[in-house]
Amino acid sequence: MDTKLVSRILKYYRKLNHLSVKEVAEQFQQSKHPVAKKTIYGWESGQTQPSADNFIFLCNLYHINNLSEAIENSTQVKTPVIPTAWERNLLLSYREHPEYQAAIHKLLELDSNPKQEES
């Protein structure tokens, strides 16, 4: 993967998760795999790239579940939504109960029809 793209993703998602470089370094320390703040700055500036293990650790820390989506989000101006575990469960429940979806849309005053958006 392109070094500049990796650096943009890492910096974007660290900030999106409201983490400082120091806090990221502390997370590595707690995982028994210390990484210096200078190393993290190097990854985010594109001077170096993290190893595969470090990249996976960062993806987990930054809640990056879909790398393609992360690439798209980091190259656009919009701020992506990172759902909490509760919100993911809510979405799954919504999808499991199509019989309630119309009522939920009415309750929340949503204009769109979810079936139309899938097209």
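Residue 0 is where the sequence shown starts when you use numbering that gives the first Met the number 0, and the numbers rise one by one after that. Heads up, the beta-carbon is just placed ideally off N, CA and C, and yes, glycines get one too. None of these values were measured; they are calculated from a predicted model.
Using the Cα positions of Leu57 and Leu9, report the straight-line distance between them to the nearest angstrom.
The alpha-carbon atoms of Leu57 and Leu9 are separated by roughly 8 Å.
Given a threshold of 16 other Cβ atoms within 10 Å of its Cβ, counted over all protein chains shown, does Arg94 qualify as buried or as exposed?
exposed
Under 7 Å Cβ to Cβ from Pro33, same chain only, skipping five residues before and after it: list those, please.
Phe27
May I ask you to report which of helix, strand or coil DSSP gives Pro97?
Here DSSP, grouped into helix, strand and coil, assigns Pro97 to helix.
Nearest chain C C-beta to Gly45 closer than 9 Å, yes or no?
The structure shown contains no chain C; it is built from a single protein chain.
Determine the closest residue to Lys14 out of Tyr99, Asn72 and Thr47, with distance taken between C-alpha atoms.
Asn72
Flag this pair as yes or no: are the beta carbons of Phe54 and Val23 separated by less than 9 Å?
No, the pair does not count as a contact, with Cβ atoms beyond the cut-off.
Let's see if you can read the secondary structure: which residues bound the alpha helix (DSSP H) around Val20?
Val20 to Gln29
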